[in-house]
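In case it helps, numbering that gives the first Met the number 0 puts the sequence shown at residues 0 to 387.
The beta carbon of each residue, even a glycine, is placed where N, CA and C say it ideally should be.
Just so you know, these numbers come straight off a predicted model, no measurement behind them.
Input: a single structure, listed below in structure tokens.
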Amino acid sequence: MSKSAIMNTYGRKDVFFKTGKGSYLFDENGDKYLDFVMGIATNTLGHCDEEMSKVIKEQASSLIHLSNLYWNYPQTDLGQKLIDKSDMGAVFFCNSGTESVEGALKLALKHGKTISGEKNKLICFNNSFHGRTLGSLKVTNEKYQKDYSVDSSNVIVVDYNDPKMLEEVFDKNVCGVILEPIQGEGGIISSTAEFMEKVRELCDKYESLMILDEVQCGMGRSGEYFAFQKYQVKPDVISLAKGLGGGIPIGAVLVSEKYKDVLKPGDHGSTFGGNPLSCSVALSVIKEIDEKDLLNNVKSMSDYIIDSYESLKEKYHLGEIKGEGLLLGFDPIIENKKVLDKLYEKKVLLVGAGNNVIRILPPLNVEKNQIDLLFEKLDEVFSEIDKC
Ligand SMILES: Cc1ncc(COP(=O)(O)O)c(C=O)c1O
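See below:
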């Protein structure tokens, strides 16, 4: 065992997990943990779903990877499926959330460039999280860069859910606005309908692209396939990853019919994006969400968590529960780390977010008894803390 072989970029718990099944992880001693982190909203169907594992084995023995210089059926089938679910026009596949955001931003910059040389401003929001890539294009041969320069002075940061402030800074030089319909890392904050509609209205007015980052809240986690479907708006671009592959790396940029030809051959690319292995797994995730009616399970289990939380909240004077579907969070009022550490000692995994929030991120097929276990352990933890 050589932990020092790994760069020290994460604060990790001192545990090696060896196997997983459904909502549970098992460590190397065979100890069982309730996992409501789910790879941070990624393992849509829990750990090692049987159908998913079967598809991985089958696809791995027929075709794993080839270049996007050729076609493969899992890619086109998945593209069509995502279009059907979202009512968008076309899809670009990549491998992660941050890459799906990069693709979306490039699309907005290219769109701006087709209108005017000055239309290159991007609007984003306080508390947002869109990824961590820095600048591979910046250090790549100039010919790939020409339409895509982002100077930080062209990035305008606005308060989330503040339509007035947004209107004040918006002008014809904005090529795109990017937001999460539900801010995840920022602390589980949902966009108001008024705000979402204002973004749409201003993007229409100034011919700017409305980009929704659904990397964390998409793929059924909100109770709809896409969180935007809870609002009366349709975006121009959607970024997807995490839950799309249920644990297999895959990301996607979805673009509306109107803007689907903005990016031309050579404008963007990805070596691994759209490989048959990850696409067939994503197809199997969608198939299972549909066949097992998991969007309804998300809604009913979400209500069950919210109801169960109410009595805990009253008993220990906790903050409100926030979010949608199975992307939920609450402020424990005391330091969240203290609660998370004590839960971990009791073999329950939850993860923090934003300013002192604790996220609850079960798989979409979570069962009531697993939620009961969570609340039993939360009750124990808060009662122990109360006694200190
Ligand atoms: C909303 C959102 N966008 C983008 C990302 C980046 O995704 P990745 O870590 O796959 O690059 C994340 C990751 O947490 C996210 O929550």
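Item, Value
"Going by C-alpha to C-alpha distance, which of Thr270, Gly175, Gln58 and Leu373 sits closest to Lys105?", "Gly175"
"Under 8 angstroms between the Cβ atoms of Ile384 and Ile304?", "no"
"Report yes if the C-beta distance between Val297 and Gly222 is below 8 angstroms; otherwise report no.", "yes"
"Along the chain, where does the beta strand (DSSP E) containing Lys323 start, and where does it finish?", "Per the sequence shown, the amino acid found at residue 323 is Glu instead of Lys. Per DSSP, Glu323 belongs to the beta strand (DSSP E) from Ile320 to Glu323."
"State the Cα-Cα distance for the pair Tyr159 and Glu27, rounded to the nearest angstrom.", "43 angstroms"
"Quick one: Cα of Lys2 to Cα of Thr8, how far?", "12 angstroms"
"Indicate whether Ile288 and Gly246 have their beta-carbon atoms separated by less than 8 angstroms.", "no"
"With a threshold of 16 other CB atoms inside 10 Å of the CB of His316, please say whether the residue is buried or exposed.", "exposed"
"Kindly examine ligand 1 and report whether one of its heavy atoms sits closer than 7 angstroms to the Cβ of His267.", "no"
"In terms of alpha-carbon separation, which member of Ser307, Val380, Glu319 and Val338 lies closest to Gln369?", "Ser307"
"Would DSSP call Val209 helix, strand or coil?", "Note that residue 209 is Met in the sequence shown, not Val. It is a strand residue."
"In three-state DSSP terms, what is Ala352?", "strand"
"Residues in its own chain within less than 7 angstroms of Gly102 by CB, not counting five upstream and five downstream?", "Phe91, Cys93, Val252 and His267"
"Output yes or no for whether 8 angstroms exceeds the beta carbon distance between Leu326 and Ile114.", "no"
"What three-state label does DSSP hand Ser255 in the structure shown?", "coil"
"Looking at Ala240 and ligand 1, is the gap between the Cβ and the nearest heavy atom below 7 angstroms?", "yes"
"Can you determine whether any heavy atom of ligand 1 sits closer than 7 angstroms to the C-beta of Glu141, and answer yes or no?", "no"
"For Phe271, which of helix, strand or coil comes out of DSSP?", "coil"
"Check whether the Cβ atoms of Ser238 and Val149 sit closer than 8 angstroms, and answer yes or no.", "no"
"Could you check the C-alpha separation between Ser207 and Tyr72 for me, to the nearest Å?", "33 angstroms"
"Could you compute how far the alpha carbon of Asp86 sits from the alpha carbon of Asp292?", "20 angstroms"
"Do you know how far the Cα of Lys376 is from the Cα of Leu339?", "11 angstroms"
"Look up Thr43 in the DSSP assignment and say whether it is helix, strand or coil.", "coil"
"Are there any heavy atoms of ligand 1 lying less than 7 angstroms away from the beta-carbon of Glu101, as far as the coordinates show?", "no"
"Since Ala281 and Leu77 should fall inside the 8 angstroms C-beta cutoff, what is the C-beta to C-beta distance between them, to a whole number of angstroms?", "5 angstroms"
"Which residue from Glu256, Asp330 and Phe381 puts its Cα closest to that of Ala89?", "Glu256"
"Helix, strand or coil for Asp34? Go by DSSP, reduced to three states.", "strand"
"To the nearest angstrom, report how far apart Ala192 and Phe124 are at their CA atoms.", "16 angstroms"
"Given this structure, state the Cα-to-Cα distance separating Met6 from Lys12, to the nearest angstrom.", "15 angstroms"
"Beta-carbon within less than 6 angstroms of Asp235's beta-carbon, same chain only, minus the 5 sequence neighbours each way: which residues are those?", "Leu208, Met209, Ser255 and Tyr258"
"Just to check, is the beta-carbon of Ser135 closer than 7 angstroms to a non-hydrogen atom of ligand 1?", "no"
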